[in-house]
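Presented below is the structure to which this report refers.
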DNA sequence: TGTTAGCACTCCAATTTGACGAGTGCTAAC
DNA sequence: GTTAGCACTCGTCAAATTGGAGTGCTAACA
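Chains as they are written, first to last, in the numbering used here: chain A, 2 to 358; chain B, 2 to 358.
Take a look at the structure:
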């Protein structure tokens, strides 16, 4: 059977209606749509076809139809294609977005110096704006270059290492050392570290460079080892992958998600954050097809507990290919159109903020 | 009417039973208790009295009784008194706790150098252990003394200030300055800042000291102003009050809290965190009566959305009166005894970890 | 051949009903 | 002061009832 023009129209009408109401939609409802003058009986026949083709199902025999994941997928793909091609639309959107951009910019520029807070506010604002749950991952440091290291003495056997990466990503690390260290030697060590490591990415801090440093350090070999280890560990540390979430309780606004066991699992995933890293990883591998926007419907998501949700993600770029991910988690019947637009706005905005920094 | 010995026994039996089952408890259930040989009819009479006195209520006419907030309050106060006085019990507990302390110590000592992670793990472990929701506030920096400041150049017009407080509380701040700065001047500024401000608490960085510094800075007066402002702002910044939460989804384990609107409000409070600061503030004012452990039952809590919960909080000390708060949020019928013990354990443990650092 | 009106049928959701049981309050007797 | 007994209340559960929304199918029509 073929998905002819009329079937497409009906399918879209069904999904659109379902997105709005959340109720199964019957043939009579669709037959009232102005632009296709068909009786409910005809619609019913078409619906039967669409069901056979797997785009819609009935929750039970005498109920209206609701979209399947395949149906949603068709709808979303079509929408994305529309956005890609429709140039007139695009210009309109740019104009529309300009307003948001402005207010957003004012809002963001106030807190540029604290990336953590910035991303948390983005998550929060987006959640409030969309009424869905949100996640924002901090940009991945991997592959980024070291700007400088600064060692200072805290106590006789404690050293504070301040590590600054390109893009002003800053990490602090307290290192407990086994031997005491004079001011003079600390200075030397500082110089040694900076001349040897500055401008290198994690990958480039390989064995030969490190062993060379250790030789230069002479009697403080052991200490250098400890510090370099700490630096490497700090930069590469898996849990650098911070994820900020917000609006978890928004899911209670959607009855199909608020039953206690589903809600519990979902909120757990958002609180625990571990599983959310899967989305970030997926984004990293991705070849950026739709300006970096991805839609996961139901089981397409890499997270088990989100099988009843849809997730829309976007990537933003810091610089040098450092990327972060923004995600919106909502019911399958989320307002994809609006969500995609919001994400595009934030994306542009974040790119902007970070490039300026 | 007076709360005589027998009434107390019956009341305690009712509450204890209700804590275990979560079901309204009837007169027959209590009459089976071995240590008070009374028929259900007698119990019924006593129950009627207890109800009149406001310790228990019936959810509906022909149901068993459940404790009121007043009832819980009596139960908890009695328990705390017991713990205070019962020395034998206490020794037993110390022995019991020793085991936990050991495993806990191993666990904590691994991540001492990252306070943030440490506190987050405490929240997590405690939530897993108790099956309630938990919160842990970072120790308040207010009143703490500055150890040193370190300025480094990031870009021509950007300076990184690393601010270290007593207790190795570290803050980073990127300051955008209006004038360019030579290496030499940066060094001078560093010295000026440290000689003037080191060892001072926020309260002591008053106007006279700052203006004195500004004079010394000569032509860089404007810059000093900016830096000092940044330092002060960073130290005093209200949002230094970080709160870590965990186990929010544990509330779904208790039917009386899992109805969607209650759960939503509760989880929102835990996610938003703003309202949780009220507990921290209350603790600060508190004169530490029961080794710093407080129990809030229902409306006693300063947070509206927790009117159906109980909250148990404890304070831990870092040093110099820097205090943080640990809280456990659960249903009114939580296992107060266990929770108080757990909190005491963690309290000791954290005191320990921080004092050692 | 495609479209439509009509009708019997299905099934859910909401409401009603009745039986059951847990628990109470009261009274009278011990 | 305590207890046994009894009538009464009320919530819970399951079964029965009803109404309505929506379907599939058939026959007639253009």
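Glycine included, every Cβ here is placed at the ideal spot set by N, Cα and C.
Close CB contacts of residue 296/A within its chain, under the 6 Å cut and outside five residues either way in sequence, are with 77, 313 (chain order). Under the three-state reduction of DSSP, residue 155/A is assigned to strand. Spanning the alpha carbons of residue 17/B and residue 332/B requires a straight line of approximately 14 Å.
The bridge partners DSSP lists for residue 299/B come to none. Here the alpha carbon of residue 26/A sits roughly 16 Å from the alpha carbon of residue 70/A. Judged by beta-carbon spacing, residue 245/B lies beyond the 8 Å limit of residue 350/B, meaning their Cβ atoms are not closer than that value.
A check of alpha carbon separations from residue 283/A across 270/A, 266/A, 303/A, 292/A identifies 303/A as the nearest. Between the alpha carbons of residue 223/A and residue 193/A lies a distance of about 14 Å. Of all C-beta pairs linking the region 252 to 272 of chain A to the region 325 to 339 of chain A, three or more are shorter than 8 Å, placing the two stretches in contact.
Neighbours of residue 169/B in chain A, taken as residues at a C-beta separation under 7 Å, are given in chain order as 155, 175. Scanning chain A for C-beta atoms nearer than 7 Å to the C-beta of residue 249/B yields 268, 272, reported in chain order.
Annotated as distal: residue 232/A and residue 211/A, with beta-carbon spacing of 8 Å or more. Restricting attention to alpha helix (DSSP H) runs no shorter than 4 residues, the region 13 to 94 of chain B encloses them at 28 to 32, 41 to 53, 70 to 86, ordered along the chain. Of the candidates 190/B, 23/B, 306/B, 75/B, the residue whose Cα lies closest to the Cα of residue 60/B is 23/B. The region 121 to 131 of chain B makes no contact with the region 152 to 163 of chain B: fewer than 3 CB pairs, one atom from each, lie closer than 8 Å. Assignment of residue 318/A by DSSP, reduced to helix, strand and coil, places it in the strand class.
Taken in chain order, the unbroken stretches of alpha helix (DSSP H) that lie wholly in the region 178 to 249 of chain A and span 4 residues or more are 184 to 198, 208 to 218, 222 to 237. According to DSSP, residue 138/B shares a beta bridge with 244/B. Straight-line spacing of the CA atoms in residue 202/A and residue 186/A works out to 26 Å. Cβ-Cβ distances below 8 Å link residue 347/B to 105, 123, 127, 315, 317, 327 in the same chain, with the five nearest sequence neighbours on each side left out; the list follows chain order. Under a criterion of Cβ atoms nearer than 8 Å, the residues of chain B adjacent to residue 163/A are, in order, 151, 153, 161, 163, 173.
For residue 268/B, the enclosing alpha helix (DSSP H) covers residues 261 to 273. In the assembly as shown, residue 40/A is an exposed residue. Its beta-carbon has fewer than 16 other beta-carbons within 10 Å. The beta carbons of residue 8/B and residue 50/B sit closer together than 8 Å.
Annotated three-state conformation of residue 172/B is strand, per DSSP. In this structure, the beta-carbon distance from residue 160/A to residue 150/A does not fall below 8 Å. Cβ-Cβ distances below 7 Å link residue 58/A to 52, 66, 67, 69 in the same chain, with the five nearest sequence neighbours on each side left out; the list follows chain order. In the structure shown, residue 161/A falls within a strand segment according to DSSP collapsed to helix, strand and coil. When the Cα atoms are used, residue 43/A and residue 325/A turn out to be separated by approximately 49 Å. For residue 237/B, no CB of chain A lies under 8 Å from its own CB, so it is not counted at the interface with that chain. At a cut-off of 8 Å between beta carbons, residue 41/B makes no contact with chain A.
Collapsing the DSSP output to three states places residue 146/B in a strand. Contact note: residue 261/A reaches chain B through 253, 259, using a C-beta cutoff of 7 Å and chain order. For residue 138/B, same chain residues with a beta-carbon under 6 Å away, outside a window of 5 residues either side, are 244, 281, 325, 326 in chain order.
Taking C-beta separations shorter than 6 Å and ignoring five residues to either side along the sequence, the partners of residue 171/B in its chain run 165, following chain order. The beta-carbon distance between residue 264/B and residue 271/B, rounded to whole angstroms, is 11 Å. This is too long to meet the 8 Å contact definition.
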